[in-house]
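Chemist: In the working numbering, the protein residues as written are 412 to 824.
The beta-carbon is built from N, C-alpha and C at its ideal position, and this holds for glycine as well.
This structure is a prediction, so every number in the text was calculated from the model and none was measured.
Below you'll find the structure I mean.
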């Protein structure tokens, strides 16, 4: 039986298997197709392999590796899941503030000079820095507020003066931010007493000061700014505060206001809005103000003071406080007196809103004490030295009683 053959003679190309060529010279030529094809493939493969070897050898001699085509890689399902970006909610926000808990501020009592942090509390500006809220502790007096901070029951005290006396005794307290640059206290005299002495707010200052002799003057607590200012005014007229007048401690601003109205005292050392309230109700008249004396131009009355140990142990906490102070300052400068008054009115519920607005205008307007602190909350050594001199404190280096690193960092951000 004849073998299977493939075409081999036609000039038109190959013929399908099992197709015969036409006879040539009387003979039938038959070739086995699969053998020819396998042989051809082997020959071609051998040529390719030889070429690769030659190229590889040349490449090695020239120092260049032959190019290779990487095979496509298919990641496993687990690898694909790991490589996929996580949902946005799963990643922590870079701007998210730490949870610092409640900010505790102790004070000896509230007046317009404390408006700075009252505004921050009402507007939630410390919460934006990571605090869960703000607690204001009214200790009822300077020594009491100092005791609260000394025990560590507050983060900062806004009543600075008694703490400088403790620094004089070697205690470690640092002023970190100014909240009021000036002295807010006025001497408000009962209107009937002023008439008896023949003085008005426009009388020459020397006459107004001389009219203080023999008066019963109300102040908050011994050694407080109100006590010291009453003594300063009497001394400026050449009087002895302990002999030529009677200085009466009445603890709080509201208690002084009530005592003046009831005629228990002749004058009081008080700040706005209480001084303005006495005038509004026609039983008091403002005769003198600390702002009339150049000694108080750079006086830092209200400031955040902290324990040095707390600053070292919890720097992130105090950085957040400083940022809140700076943010509040910017807010104060961009707000109207009416807007600020609305924020702090609840802290002075017994005061007429119109009086509060007038007080805020007087204290927070451009160049006024609150605005000055909002513009520059740094406690400068010269400013603290003014306070120390007024208080008669000797031997305290103001540069060592201030840590301005937190507030300066906040201002730079």
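Report the partner residues of residue 591 according to the DSSP bridge assignment.
Modeler: DSSP output for residue 591 lists 713 as bridge partner(s).
Chemist: Count the CB pairs spanning the segment 765 to 772 and the segment 612 to 626 that are closer than 8 Å, and state whether there are at least three.
Modeler: Short answer: they don't touch.
Chemist: Which same chain residues end up closer than 8 Å to residue 412 when comparing Cβ atoms and leaving out the 5 residues on each side of it in sequence?
Modeler: The pLDDT assigned to residue 412 is 44, lower than 50, so where the model puts this residue is not dependable; a value taken from the coordinates is nonetheless given after this. No residues qualify anywhere along the chain.
Chemist: Would residue 652 and residue 642 be called neighbours here (beta carbons separated by less than 8 Å)?
Modeler: Taking 8 Å as the Cβ cut-off, residue 652 and residue 642 qualify as a contacting pair.
Chemist: Among 559, 596 and 726, whose alpha-carbon lies nearest the alpha-carbon of residue 818?
Modeler: Considering only alpha carbons, the answer is 726.
Chemist: By how many angstroms is the C-alpha of residue 694 removed from the C-alpha of residue 810?
Modeler: C-alpha separation (whole angstroms): 44 Å.
Chemist: Going residue by residue through the segment 550 to 597, where are the continuous beta strand (DSSP E) segments of at least 3 residues, counting only ones entirely within it?
Modeler: Entirely contained in the segment 550 to 597, the beta strand (DSSP E) runs reaching 3 residues are, in chain order, 567 to 570 and 584 to 592.
Chemist: Between which two residues does the alpha helix (DSSP H) harbouring residue 657 extend?
Modeler: No alpha helix (DSSP H) contains residue 657, which is instead part of the beta strand (DSSP E) from 657 to 660.
Chemist: Considering Cα atoms alone, identify which of 542, 742 and 688 is closest to residue 514.
Modeler: Checking every option, the nearest Cα to that of residue 514 belongs to 542.
Chemist: Please classify residue 540: does DSSP put it in a helix, a strand, or coil?
Modeler: DSSP places residue 540 in helix when its eight states are reduced to three.
Chemist: Just the Cα atoms here: how many angstroms apart are residue 535 and residue 544?
Modeler: Taking the straight line joining both Cα atoms gives about 8 Å.
Chemist: Would you kindly report the start and end of the unbroken alpha helix (DSSP H) that includes residue 821?
Modeler: It spans 816 to 823 - the alpha helix (DSSP H) in which residue 821 sits, taken as one unbroken run.
Chemist: Figure out for me which residue from 554, 779 and 782 has the closest Cα to the Cα of residue 636.
Modeler: When each option's Cα is compared against that of residue 636, the closest is 554.
Chemist: Helix or strand or just coil, what does DSSP make of residue 809?
Modeler: Reduced to three states, the DSSP call for residue 809 is helix.
Chemist: For the alpha helix (DSSP H) containing residue 639, name the first residue and the last one.
Modeler: Where residue 639 is concerned, the enclosing alpha helix (DSSP H) stretches over 636 to 647.
Chemist: Check residue 515 in the structure and name its three-state DSSP category.
Modeler: In this structure, residue 515 counts as strand in the three-state DSSP scheme.
Chemist: Could you check how far apart the C-beta atoms of residue 600 and residue 680 are, in whole angstroms? I think they sit under 8 Å.
Modeler: Contact doesn't hold; Cβ gap of about 11 Å is too wide.
Chemist: Among all the DSSP beta bridges, which residues are the ones paired with residue 699?
Modeler: Per DSSP, 598.
Chemist: So what does DSSP say about residue 457, is it helix, strand or coil?
Modeler: Low confidence applies to residue 457: its pLDDT is 48, below 50, so where it sits in the model is not reliable enough to give any reading.
Chemist: In whole angstroms, give me the CA-to-CA distance for residue 797 and residue 592.
Modeler: Between residue 797 and residue 592, the C-alpha separation is close to 11 Å.
Chemist: Is residue 532 buried or exposed, if buried means 16 or more other CB atoms sit within 10 Å of its CB?
Modeler: Residue 532 is buried by the Cβ-count criterion.
Chemist: Residue range of the beta strand (DSSP E) that residue 627 falls in?
Modeler: 627 to 630 is the extent of the beta strand (DSSP E) around residue 627.
Chemist: By the three-class DSSP mapping on this structure, what secondary structure does residue 546 have?
Modeler: Strand, per DSSP.
Chemist: Looking at C-alpha atoms only, which residue of 586, 568, 511 and 580 is the closest neighbour of residue 815?
Modeler: Out of 586, 568, 511 and 580, 586 has the C-alpha closest to the C-alpha of residue 815.
Chemist: Within its chain, find whatever has a CB closer than 8 Å to the CB of residue 690; leave out the 5 residues flanking it on each side and keep chain order.
Modeler: Cβ neighbours of residue 690 beyond the five flanking positions: 599, 696 and 697.
Chemist: Here's the rule I'm using: 16 or more other beta-carbon atoms within 10 Å means buried, otherwise exposed. How should residue 824 be labelled?
Modeler: Residue 824 is exposed by the Cβ-count criterion.
Chemist: So, residue 714 versus residue 589, is the Cβ gap smaller than 8 Å?
Modeler: Their beta carbons are under 8 Å apart, which means residue 714 touches residue 589 by this criterion.
Chemist: Ordered along the chain, which non-local residues of its own chain (more than five positions away) have a Cβ less than 7 Å from that of residue 676?
Modeler: Closer than 7 Å at Cβ, skipping near neighbours: 627, 628, 629, 659 and 670.
Chemist: Just grab the DSSP bridge partners of residue 761 for me.
Modeler: DSSP lists no partner for residue 761.
Chemist: Verify whether the separation of the beta carbon atoms of residue 784 and residue 527 is less than 8 Å.
Modeler: Against a cut-off of 8 Å, the Cβ pair of residue 527 and residue 784 comes out as a contact.
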